[in-house]
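Under numbering that gives the first Met the number 0, the first residue of the sequence shown is numbered 0, with each subsequent residue one higher. C-beta atoms are modelled at their ideal positions from N, C-alpha and C, and glycine is treated no differently. From a predicted model like this one, the values you see are computed outputs, not experimental measurements.
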Amino acid sequence: MNLFARYDDSVAFLTKLDEDWARLIARVGPCRHDPKAAREPYEALVRAIAYQQLTAKAGDAIIGRLKALFDGQAFPSPEDLIAAEFDALRACGFSASKIATIKAIAEGATTGVIPTRAIAVTMNDEDLIARMVAIKGIGRWTVEMLLMYSLERMDVLPADDFGVREGYRALKSLDEQPKPKALREISKAWAPHRTVASWYLWRMPRERGNTLK
């Protein structure tokens, strides 16, 4: 079975929204959203912090060096990160603020603030967001990435994301990006397919404006 066939209904729904969406989807092609469902929320959050404001290549390098600190493990445990020396984590490429955040995530995982995957799958999106943003350094966007890429939620719209807002601006040939609050309101018409909508908006061609027209 085609692993991406599960997005067919979402793609069909979005294609019927209007001509702009239909052209974008025809240009980009089938949805290839590829979540990493095997990851625990703890690991997904640590990875998300590592990649923040960096290229994928730079993020990969940091994670590679972090894992190398703990030979024989697929990923360091929360207890490993709590015990890790600041200088060792700094040498991996984490900034001081990111070190504080990943240590807070590790603490949260040991106390239950960061739920296990088994518990997370029973919780709704907003409850998970409210619970995790209580950790210093974790914002709504970070949890939304976890929802999309680790928990495979199908109706997530990261309205604070620059790429999503810029994609919509270009899609509709707007002079300015919509504000997050406005985009959340607009996106209600895309429910319950907003994860796939986000995937396409990230891929909206925007060199020289809206190139689909």
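Practice task
Kindly indicate the opening and closing residues of the alpha helix (DSSP H) around Tyr148.
Solution key: Arg139 to Tyr148
Exercise for the section: Can you grab the Cα-Cα spacing for the pair Leu13 / Glu84, in whole Å? Expected result: 48 Å
Handout entry: the stretch 16-26 contacting the stretch 91-101, beta-carbon criterion three pairs below 8 Å
Key = No, they do not touch.
Exercise for the section: Could you tell me the boundaries of the alpha helix (DSSP H) in which Thr121 lies? Expected result: Careful: Thr121 lies outside any alpha helix (DSSP H) and carries neither H nor E.
Problem - CA-to-CA distance, Pro177 to Thr210, given in whole angstroms - result: Bear in mind that a pLDDT of 46 at Thr210, under 50, signals an unreliable position, so the number given afterwards is only what the model happens to contain. Roughly 19 Å separates the two Cα atoms.
Problem - Counted within 10 angstroms of its Cβ, other Cβ atoms place Arg31 as buried (16 or more) or exposed - result: So Arg31 counts as exposed.
Problem - Assigned secondary structure, Ile113 (DSSP; H/G/I helix, E/B strand, else coil) - result: coil
Exercise for the section: Give a yes or no on whether the C-beta atoms belonging to Leu44 and Thr121 are separated by under 8 Å. Expected result: No; because the gap between Cβ atoms is not below 8 Å, this pair is not in contact.
Exercise for the section: Let me know the secondary structure DSSP gives Glu151 once reduced to three states. Expected result: Of the three classes helix, strand and coil, the one that applies to Glu151 here is coil, per DSSP.
Problem - Length of the line joining the Cα atoms of Thr194 and Glu143 - result: 10 Å
Practice task
Answer yes if the stretch 72-80 comes into contact with the stretch 99-117, meaning at least three C-beta pairs across the two stretches below 8 Å, and no otherwise.
Solution key: yes
Practice task
Given a cut-off of 8 Å, decide if Ser149 and Val36 are closer than it, judged by their beta-carbon atoms.
Solution key: What sits at residue 36 in the sequence shown is Ala, not Val. The answer is yes: Cβ separation under 8 Å.
Handout entry: Whole-angstrom distance between Ile48 and Ala60, CA atom to CA atom
Key = Going by the C-alpha atoms only, they are around 13 Å apart.
Handout entry: C-alpha distance - Leu200 paired with Arg152, whole-angstrom precision
Key = 17 Å
Problem - Buried or exposed (CB count within 10 angstroms, at least 16 for buried), Ala119 - result: buried
Exercise for the section: Please go through the same chain and pick out, in chain order, the residues whose beta-carbon is closer than 8 Å to the beta-carbon of Ala87, but skip the five residues on each side of it. Expected result: Leu68
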